[in-house]
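Before any comments, here is the structure.
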Amino acid sequence: MNDNRIEGTEHQVKGAVKEGVGKLTGNTSKEVAGNVEKNAGKVQKNVGQAQDEIEDLDD
1 MNDNRIEGTE HQVKGAVKEG VGKLTGNTSK EVAGNVEKNA GKVQKNVGQA
51 QDEIEDLDD
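For the sequence shown, the positions run 1 to 59 when full-length UniProt numbering is used.
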């Protein structure tokens, strides 16, 4: 498993928590920051998956 996949998942979880806290407290900037981090985590996870698939093709 690629490090990008692991780190991406971590960012997704942290971002989702931030986003939820922002919604509950009415803090729009925290909500937006959480959404950005969550989506960046999704991208990073997808990059890791692509890297793993490329490595599998080389084998």
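Glycine included, C-beta positions come from ideal geometry on N, C-alpha and C. Note that the structure is predicted; figures quoted are calculated from it, not measured.
Skipping 5 residues on each side, what residues in its chain have a beta carbon closer than 7 Å to that of residue 51?
One-based indexing of the sequence shown puts residue 51 at position 51. These residues qualify, in order along the chain: 2, 4.
Give the DSSP-derived three-state secondary structure of residue 52 in the structure shown.
Position 52 of the sequence shown, counting from 1, holds the residue named residue 52. Three-state result, residue 52: helix.
Are the Cβ atoms of residue 48 and residue 20 separated by less than 7 Å?
The count along the sequence shown starts at 1 and reaches residue 48 at position 48. The count along the sequence shown starts at 1 and reaches residue 20 at position 20. Going by C-beta atoms, residue 48 is not nearer than 7 Å to residue 20.
So, residue 34 versus residue 18, is the Cβ gap smaller than 7 Å?
Here residue 34 refers to the residue found at position 34 of the sequence shown. Here residue 18 refers to the residue found at position 18 of the sequence shown. Contact flag set, yes.
Just curious, the alpha helix (DSSP H) that residue 15 is in, first and last residue?
Position 15 of the sequence shown, counted from the start, is the residue given in the question as residue 15. 3-25 is the extent of the alpha helix (DSSP H) around residue 15.
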